[in-house]
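Peer 1:
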Amino acid sequence: MGDAEIIPIGTRGRPGRGTGTQQPSSAARGLAGSGRSGGSRPGGARSGGPGRQGTEKAPGGGGARPPAGDADPAPTAGDRPPVVTADREPRGGIPASDWLAALQHGAREVFGDEWELQLARFLAFLRRRVTGDYEVDEYGFDREVTERFLMASLRPIADKWFRVEVRGAENIPADGGALVVSNHSGTIPVDGLMTMVSIHDTTGRFLRPLGADLVFRLPVVGAVARKSGATLACNEDAERMLRGGELVGVWPEGFKGIGKPYSQRYKLQRFGRGGFVSAAVRAGVPIVPLSVVGAEEIYPLVGNVPSLARLLGLPYIPITPFFPLLGPLGLVPLPSKWLLEFGEPIRTDEFDEGAADDPMLVFNVTDQVRETVQQTLYTLLMQRQSVFR
Amino acid sequence: MGSAGRVVLVTGVSRDLGRRFARSLAAQPGVARVVGVDAMPPRGDIGDVSFVRADIRNPVIAKVIVKEDVDTVVHMSVIATPGTAGGRNAMKELNVIGSMQLLAACQKAPELRTLVVKSSTTMYGASNRDPAMFTEDMGPRRAPRAGYAKDVAEVEGYVRGFARRRPDVRVTILRPANVIGAHVVSPLTSYFRLPVLPTVLGYDPRLQFLHERDLLGALRHAVATDVAGIFNVAGDGVLTLSQAVRRLRRPTVPLPSFAIGGVGSALRSSRVTDLSPELLALLTYGRGVDTTRMREDLGFEPAYTTAEAFADFAAPLPVTGGRTERVLARAARALPDPEQVPSVLPVPGGAVRG
Chain A
21 MGDAEIIPIG
31 TRGRPGRGTG
41 TQQPSSAARG
51 LAGSGRSGGS
61 RPGGARSGGP
71 GRQGTEKAPG
81 GGGARPPAGD
91 ADPAPTAGDR
101 PPVVTADREP
111 RGGIPASDWL
121 AALQHGAREV
131 FGDEWELQLA
141 RFLAFLRRRV
151 TGDYEVDEYG
161 FDREVTERFL
171 MASLRPIADK
181 WFRVEVRGAE
191 NIPADGGALV
201 VSNHSGTIPV
211 DGLMTMVSIH
221 DTTGRFLRPL
231 GADLVFRLPV
241 VGAVARKSGA
251 TLACNEDAER
261 MLRGGELVGV
271 WPEGFKGIGK
281 PYSQRYKLQR
291 FGRGGFVSAA
301 VRAGVPIVPL
311 SVVGAEEIYP
321 LVGNVPSLAR
331 LLGLPYIPIT
341 PFFPLLGPLG
351 LVPLPSKWLL
361 EFGEPIRTDE
371 FDEGAADDPM
381 LVFNVTDQVR
391 ETVQQTLYTL
401 LMQRQSVFR
Chain B
18 MGSAGRVVLV
28 TGVSRDLGRR
38 FARSLAAQPG
48 VARVVGVDAM
58 PPRGDIGDVS
68 FVRADIRNPV
78 IAKVIVKEDV
88 DTVVHMSVIA
98 TPGTAGGRNA
108 MKELNVIGSM
118 QLLAACQKAP
128 ELRTLVVKSS
138 TTMYGASNRD
148 PAMFTEDMGP
158 RRAPRAGYAK
168 DVAEVEGYVR
178 GFARRRPDVR
188 VTILRPANVI
198 GAHVVSPLTS
208 YFRLPVLPTV
218 LGYDPRLQFL
228 HERDLLGALR
238 HAVATDVAGI
248 FNVAGDGVLT
258 LSQAVRRLRR
268 PTVPLPSFAI
278 GGVGSALRSS
288 RVTDLSPELL
298 ALLTYGRGVD
308 TTRMREDLGF
318 EPAYTTAEAF
328 ADFAAPLPVT
338 GGRTERVLAR
348 AARALPDPEQ
358 VPSVLPVPGG
368 AVRG
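These protein sequences, in sequence, are chains A and B.
Take any residue in the first sequence, count from 1 to its spot, add 20: that is its number in the numbering used here.
Take any residue in the second sequence, count from 1 to its spot, add 17: that is its number in the numbering used here.
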């Protein structure tokens, strides 16, 4: 458009656009290039003709491609063929082959060089999911979805956000049943999820958490919990899983631990009736104490709304320094540094037959586990430089 | 167990499963005669079974037992759907009063040696407090207050009472999981036959099925063997509801739990199906039963796993959904088969990436 005429705005001077004269507007005349031959051809008649709309359209349409207009009229200036859409480059622009190439390139970026194979594998996975052609175990544990989605989405949080450091992973038995007993904290059971990921990544085993009945009452939460391998924290299920050779995780403090105020952080709450111990003793599997440091600080619980909690049937309604105040932003956990230390396994297969029903022994073992976890917590807290580092 | 073969009385033969069980039992060796009893005549062919039209709610049943020299009674008349019986009240009367009368009649029959009762895993209920797998020793976490589950629990109570009073009679209670099959009409099968399945939003229950042939097999086995006790009967493994629906290729409508009750009553009043509270609880929380005792003590092995039984049930049903699957299948055809691929795949234009 280097040679486009400058048209003053308004109607001063020469008749400009839309002045209602029979002539084409000056812009149209300028674009037509070679003088006043417009009358003879249909395009010119259209643009010169009836109305303001037409005259306005013509420059607009023609103006988009002045070089074409200039180049075309070479043979006979007076008989230039009308410019039709087909003469221009296709407006859709990108031919199908380019699309394909782009898709291939994108697929290669995402799946690497063997993208076709990878994509086919992914599609096969999708089809398997869509047709229901996968297995769940009797507790509803869906190994595929746990590995592919749950673990994959939690791993960056564990690695990058909380920078989970695992110590004593060799204390987790490589196979056979074992009961991991952990302290519980953090307002929302994030510690359970992080423990699951850490154990899976360090040992390759799946931790099967025991959850409160509230978990299974809640929609979505309950379904996801079952799919990720959880089951109800009751003696029957714990024993069944342990006998089945699973690595079972239990948080005996329950809601008392997870919903305790920030001021009581790292103080272990009551360990219940020790039901987990009797389950482990009955199944004859070792108990692995686990101490988690860092989970207390993710959502510092400073308040509670007991009346609302009672109304909703929940154990507590948390108030953290950020939660109701900042809305959904308050749900972002603070990036504390996490330490997970697995203690030495406590053997239970040496007890006699009826030991599981001996309350004295059960309480003793419970206390032993509790003390181990508490002492390890203190040690870890001493070693920790700061909450976030 | 007389030398001439046994005389078996089967209740509830007007219903399809009862009729087919009576027929298949009549063909068994060691069974001399099968007497089918119901208030209504059976609809299909009963073969060698002699049918006696008698209402088990009526003391007449005692005369039938004595007159026919019955030594084995198979009680299959505990029904889950009112069906032809009328409303819920008629169903309850048939289940509870009928069982009481039948047991009273059994008690007065000196020749009686064996009583087999078909109960149901429905008696365990379904709630968020349930263990993953119920064994026979466990009861429901919340006592059922109404419906089929309560009937079943009461009937089992009477049967246990009978077993105490007649220790000479071998009493076997079978608790089959949800029976499924092409001919089965039950709340759950009619639910799965809906073209669009309402589900409870956010819940994915575990389900266990028993193929109808396995139910008949288990009952025949219970008659033939001499093991007493209570046994869960179910196919191996569990299916989640979402899995089952995907295998059916039917679309679902997830509804929040408070809304699904309304849909249930609408379906009930339009007589499509009956989403009873028990069924809704099952579709919310699911249920699993342990079948160790069935294998080890009873010695019965179902021919179909849960998944196979469901596949057999699903095969004749028309597919109403599955669009996503077809799209994915079409896309997958354009790509190499991941199962059989050469180790090095020639990538077109792979040099671009180096």
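Glycine is no exception: its CB is placed at the ideal position from the N, C-alpha and C atoms.
In chain D, what lies closer than 8 Å to A/L262 by C-beta?
Peer 2: Any reference to chain D falls outside this structure, whose protein chains are A and B.
Peer 1: Please determine, among A/G333, A/E259, A/E317, the residue with the shortest C-alpha to C-alpha distance to A/A300.
Peer 2: The residue given as residue 300 of chain A occupies position 280 in the first sequence. That would be A/E259, whose Cα lies nearest to the Cα of A/A300.
Peer 1: Since B/M155 and B/F248 are thought to touch, with beta carbons under 8 Å apart, how far apart are those beta carbons, to the nearest angstrom?
Peer 2: On the second sequence, residue 155 of chain B is found 138 positions in, with the first residue counted as 1. On the second sequence, residue 248 of chain B is found 231 positions in, with the first residue counted as 1. With a Cβ gap of about 14 Å, B/M155 and B/F248 do not count as contacting.
Peer 1: Can you pull the chain A residues whose beta carbon is under 7 Å from the beta carbon of B/V342, in chain order?
Peer 2: Position 325 of the second sequence, counted from the start, is the residue given in the question as residue 342 of chain B. Note on residue identity: the sequence assigns Glu, not Val, to residue 342 of chain B. Going along chain A in sequence order, the residues near B/E342 (Cβ under 7 Å) are R147, V150, T151.
Peer 1: So does the region 188-207 of chain B actually touch the region 125-137 of chain B, counting three or more Cβ pairs closer than 8 Å?
Peer 2: Segments in contact, yes.
Peer 1: Assign A/S248 to one of three DSSP states: helix, strand, or coil.
Peer 2: Walking along the first sequence from the start, residue 248 of chain A turns up at place 228. In the structure shown, A/S248 sits in coil (DSSP, three-state: anything other than H, G, I, E or B).
Peer 1: Roughly how many angstroms lie between the CA atoms of A/A315 and B/A351, to the nearest whole one?
Peer 2: Residue mapping note: residue 315 of chain A aligns to position 295 of the first sequence, counting from 1. Residue mapping note: residue 351 of chain B aligns to position 334 of the second sequence, counting from 1. So the two alpha carbons sit approximately 48 Å from each other.
Peer 1: Pop quiz: A/V201 and A/I307 are said to be a contact at Cβ under 8 Å. What is the actual Cβ separation, rounded to whole angstroms?
Peer 2: As a position in the first sequence, residue 201 of chain A is number 181, starting the count at 1. As a position in the first sequence, residue 307 of chain A is number 287, starting the count at 1. A/V201 to A/I307, Cβ: 6 Å. Contact.
Peer 1: For A/F408, which option in A/G231, A/V313, A/N384 has the closest C-alpha, if you only look at C-alpha atoms?
Peer 2: Here residue 408 of chain A refers to the residue found at position 388 of the first sequence. Among A/G231, A/V313, A/N384, the Cα nearest to that of A/F408 belongs to A/V313.
Peer 1: Taking DSSP's pairing of strands, which residues face B/I190 in a bridge?
Peer 2: Here residue 190 of chain B corresponds to residue number 173 of the second sequence, with the count starting at 1. Note: B/I190 sits in a beta bridge opposite B/V134, B/I247.
Peer 1: Give the secondary structure of A/V217 by DSSP, where H, G and I count as helix, E and B as strand, and everything else as coil.
Peer 2: Reading the first sequence from its first residue, position 197 is the one you call residue 217 of chain A. Correct three-state label for A/V217: helix.
Peer 1: B/M311 CB to nearest chain A CB: under 8 Å?
Peer 2: Here residue 311 of chain B is taken as the residue at index 294 of the second sequence, counted from 1. No, B/M311 lies away from the interface with chain A (no Cβ there is under 8 Å from its Cβ).
Peer 1: I think B/A71 touches B/V54, with their Cβ atoms under 8 Å apart; what is that distance to the nearest whole Å?
Peer 2: Numbered from its first residue, the second sequence carries residue 71 of chain B at position 54. Numbered from its first residue, the second sequence carries residue 54 of chain B at position 37. Going by Cβ atoms, the distance from B/A71 to B/V54 rounds to 5 Å, so yes, they are a contact pair.
Peer 1: Confirm the yes/no value for this check: CB of A/W119, any heavy atom of the ligand ZN, distance under 7 Å.
Peer 2: Looking for the ligand ZN in the displayed structure turns up nothing, as the structure carries no ligands at all.
Peer 1: What three-state label does DSSP hand B/N195 in the structure shown?
Peer 2: As a working mapping, residue 195 of chain B is identified with position 178 in the second sequence. In this structure, B/N195 counts as strand in the three-state DSSP scheme.
Peer 1: Compute the Euclidean distance between the alpha carbons of B/F317 and B/E229, then round it to the nearest angstrom.
Peer 2: Locating residue 317 of chain B in the second sequence gives position 300, where the first residue counts as 1. Locating residue 229 of chain B in the second sequence gives position 212, where the first residue counts as 1. B/F317 and B/E229: Cα-Cα distance of roughly 15 Å.
Peer 1: Output needed for B/Y321: all residues of its chain with C-beta closer than 6 Å, excluding positions within five of it in sequence on either side, in chain order.
Peer 2: To locate residue 321 of chain B, count along the second sequence from 1; it is residue 304. Taken in chain order, the residues that qualify are H228, D231, G252.
Peer 1: Drop a sphere of 10 angstroms on the beta-carbon of B/H200, count the other beta-carbons inside from all chains shown, and report buried for 16 or more, exposed for fewer.
Peer 2: Residue 200 of chain B sits at position 183 when you count from the first residue of the second sequence. It counts as exposed.
Peer 1: What ranges does the beta strand (DSSP E) occupy inside the region 249-310 of chain B, keeping only unbroken runs of at least 3 residues that lie completely in it?
Peer 2: The region 249-310 of chain B contains these whole beta strand (DSSP E) runs: 269-272.
Peer 1: In terms of DSSP beta bridges, what is A/A198 paired with?
Peer 2: Counting from 1 along the first sequence, the entry for residue 198 of chain A is found at position 178. Answer is A/L267, bridged to A/A198.
Peer 1: Specify, as a first and last residue, the run of the alpha helix (DSSP H) that A/L491 falls within.
Peer 2: A query on residue 491 of chain A cannot be resolved here, the shown segment of chain A reaching from 21 to 409 and no further.
Peer 1: If you run the structure through DSSP and keep just helix, strand and coil, what is B/P363?
Peer 2: The sequence position of residue 363 of chain B within the second sequence is 346, counting from 1. Low confidence applies here, because B/P363 scores a pLDDT of 44, under 50, leaving its location unreliable and the question unanswered by this model.
Peer 1: If we ignore side chains and look at the alpha-carbon of each, how far apart do B/V51 and A/P335 end up?
Peer 2: Taking the second sequence and counting its residues from 1, the one referred to as residue 51 of chain B is at position 34. Taking the first sequence and counting its residues from 1, the one referred to as residue 335 of chain A is at position 315. Taking the straight line joining both Cα atoms gives about 58 Å.
Peer 1: Less than 6 Å between C-beta atoms, sequence neighbours within five positions excluded: which residues of the same chain meet that for B/P319?
Peer 2: Here the question's residue 319 of chain B lines up with position 302 in the second sequence. Correct list, in chain order: D231, G252.
Peer 1: Below 8 Å between beta carbons: does that hold for B/V95 and B/N112?
Peer 2: The residue you call residue 95 of chain B lines up with position 78 of the second sequence. The residue you call residue 112 of chain B lines up with position 95 of the second sequence. In this structure, B/N112 lies closer than 8 Å to B/V95 by Cβ.
Peer 1: Is the beta carbon of A/I212 sitting closer than 8 Å to the one on A/W271?
Peer 2: Position 192 of the first sequence, counting from 1, holds the residue named residue 212 of chain A. Position 251 of the first sequence, counting from 1, holds the residue named residue 271 of chain A. First, the residue type needs correcting, since residue 212 of chain A is Gly and not Ile in the sequence shown. The answer is yes: Cβ separation under 8 Å.
Peer 1: Excluding sequence positions up to five away, which residues of its chain have a Cβ less than 7 Å from the Cβ of B/R74?
Peer 2: On the second sequence, position 57 is the one that residue 74 of chain B refers to. So the list reads E110, L111, I114, G115, Q118, once near-sequence residues are dropped.
Peer 1: Excluding the 5 residues flanking A/T251 on each side, which residues of the same chain have their C-beta closer than 6 Å to its C-beta?
Peer 2: Indexing the first sequence from 1 puts residue 251 of chain A at position 231. Closer than 6 Å at Cβ, skipping near neighbours: Y159, D257.
Peer 1: Are the region 328-341 of chain B and the region 252-268 of chain B in contact at 8 Å, needing three or more beta carbon pairs?
Peer 2: Output reads yes: the region 252-268 of chain B touches the region 328-341 of chain B.
Peer 1: At a Cβ threshold of 8 Å, is B/P58 touching chain A?
Peer 2: Along the second sequence, read from residue 1 onward, the residue named residue 58 of chain B stands at position 41. It does not; no Cβ of chain A falls within 8 Å.
Peer 1: Sorted by chain position, which residues of the same chain lie with C-beta nearer than 6 Å to B/A39's C-beta, five sequence neighbours on each side aside?
Peer 2: Against the second sequence, residue 39 of chain B aligns to sequence position 22. Excluding positions up to five away in sequence, the list reads V27, V30, V51, G53, V66.
Peer 1: Kindly indicate which three-state DSSP category B/I82 falls into: helix, strand or coil?
Peer 2: Locating residue 82 of chain B in the second sequence gives position 65, counting from the first residue. Looking at B/I82 - three-state DSSP - the assignment turns out to be helix.
Peer 1: Return no unless some Cβ of chain B is closer than 8 Å to the Cβ of A/G160.
Peer 2: In the first sequence, the residue the question calls residue 160 of chain A occupies position 140. Judged by the 8 Å Cβ criterion, A/G160 is in contact with chain B.
Peer 1: Since A/I307 is in the beta strand (DSSP E), which residue starts that stretch and which ends it?
Peer 2: Translated into the one-based positions of the first sequence, residue 307 of chain A becomes position 287. Element bounds for A/I307: 307-313.
Peer 1: Since B/R210 meets chain A, which of its residues come closer than 9 Å, beta carbon to beta carbon?
Peer 2: Your numbering for residue 210 of chain B matches position 193 in the second sequence. Result: empty, since nearest Cβ-Cβ is about 17 Å, beyond 9 Å.
Peer 1: Taking CB distances under 8 Å as the criterion, tell me whether A/P335 reaches chain B.
Peer 2: Here residue 335 of chain A refers to the residue found at position 315 when the first sequence is read from its first residue. With 8 Å as the cut-off, A/P335 does not count as an interface residue toward chain B.
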